[in-house]
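Numbering (the working numbering), first residue to last: 2 to 312.
Let me begin by presenting the structure, written as structure tokens, before commenting on it.
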């Protein structure tokens with residue numbers, strides 16, 4: 002089959018990888034400029050060299066044996082490495098969290114900068130409005146629930162209702178770099194006032210030596226301040242970080258804020274969704290659990306289902 006997938010995050014790419022291996026012709030569309038999604042890495046130039054920030058997902062863990070086998074392959078190819086500071090079973094992409102998504106996308110037909118405004122069905126063919134003229138035999142929506150619902154509702158209201166029932170929590174993140182090391186015990190700060198998580202990004206394996214921190218606000222604070230100005234948010238997170246570190250901070254050489262409207266899924270245990278009559282489906286962490294592993298598994302679940310039904 003010719004299959005179009007909307008969303009090149011870990012769920013969409015996991016699904017695409019398995020479908021392509023089974024002989025299906027897969028095209029993936031993503032509105033972003035490049036690989037990442039919530040496994041994003043941003044690189045910022047400074048006088049002393051580029052500084053990288055993993056400003057979305059900070060790490061992932063492994064429980065499922067099938068996922069573990071893939072992670073072992075990623076490790077062998079240099080795409081991931083353990084990060085003991087975050088836990089005995091914590092893994093990160095190397096040299097950035099987006100390394101996994103980059104690696105998966107290399108062997109797939111991914112169209113970046115391609116926002117799908119709507120899905121249209123004509124006879125038995127699907128079309129991705131605004132990005133492609135070619136027809137598809139099936140379409141899969143692999144976006145956060147809030148973005149999936151409007152694409153699904155004209156074609157499968159029940160599926161769309163499931164997406165609408167899984168709202169995501171937002172998260173404001175600050176990316177800051179300093180010319181000197183911050184003298185704080187350990188590389189992680191958790192649950193400190195308005196800070197839900199802060200990590201010394203430069204301490205992750207494969208990172209540059211410039212002192213770099215990612216500071217993420219709690220979901221409640223992010224929700225209350227979702228429409229605040231970026232500068233004000235970064236100021237507030239830096240003040241909270243200084244309080245947690247119990248010291249005055251040097252002036253940052255980099256300070257950037259990023260607002261994740263759909264950071265953490267309020268998931269329902271559906272696994273994946275598929276309507277075999279119309280050949281439309283959905284995958285994502287919102288269909289299993291708010292974890293990178295769950296997003297990957299959701300994609301594989303739907304791919305297995307389609308492959309079994311259309312041998």
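Ideal Cβ positions, reconstructed from N, Cα and C, are used throughout, including at glycine.
Could you pull out every residue in the same chain whose Cβ sits closer than 7 Å to the Cβ of residue i, ignoring the five residues on either side in sequence?
i	result
residue 212	178, 179, 181, 182, 183 and 203
residue 35	113
residue 25	2 and 4
residue 254	47, 178, 179 and 180
residue 218	172, 173, 195, 196, 197 and 238
For a test of the three-state rule: what should DSSP assign to residue i, helix, strand or coil?
i	result
residue 20	helix
residue 1	The structure shown does not extend to residue 1, since the chain is modelled only from 2 to 312, so the question has no answer here.
residue 276	strand
residue 106	helix
residue 95	coil
residue 163	helix
residue 197	strand
residue 300	helix
residue 206	coil
residue 83	strand
residue 214	strand
residue 287	helix
residue 11	helix
residue 258	strand
residue 171	strand
residue 34	coil
residue 57	coil
residue 5	strand
residue 120	strand
residue 63	coil
residue 127	strand
Can you list, in chain order, the residues of its chain with a C-beta nearer than 6 Å to that of residue i? Leave out the 5 residues immediately preceding and following it.
i	result
residue 259	56 and 174
residue 116	32
residue 206	82 and 95
residue 126	136
residue 235	175, 256 and 258
residue 306	275
residue 44	51 and 53
residue 292	none
residue 262	171
residue 119	130
Please look up how many angstroms separate the CB atoms of residue i and residue j, rounded, as I've assumed it's under 8 Å.
i	j	result
residue 239	residue 250	6 Å
residue 58	residue 40	5 Å
residue 50	residue 209	6 Å
residue 102	residue 10	7 Å
Which residues in the same chain have their Cβ closer than 8 Å to the Cβ of residue i, if we skip the five residues on either side of it in sequence?
i	result
residue 78	104
residue 164	146, 147, 149, 150, 153, 283 and 287
residue 269	163, 166, 167, 287 and 288
residue 139	2, 3, 4, 5, 127, 280, 281, 282 and 307
residue 66	none
residue 230	none
residue 89	none
residue 313	In the structure displayed, the chain extends from 2 to 312; residue 313 sits before or after that span and is not available.
residue 220	170, 171, 172, 197, 264 and 265
Q | Validate contact between the stretch 265-275 and the stretch 295-302 using beta carbons, cut 8 Å, 3 pairs | A | Contact between the stretch 265-275 and the stretch 295-302 is established, with three or more Cβ pairs separated by less than 8 Å.
Q: Count the C-beta pairs between the stretch 6-25 and the stretch 291-298 that are closer than 8 Å, then say yes if the count reaches three, no if not.
A: The answer is yes - the stretch 291-298 touches the stretch 6-25, with three or more Cβ pairs under 8 Å.
Q | the stretch 141-159 touching the stretch 186-202, judged by at least three CB pairs closer than 8 Å | A | They do not touch, by the three-pair rule.
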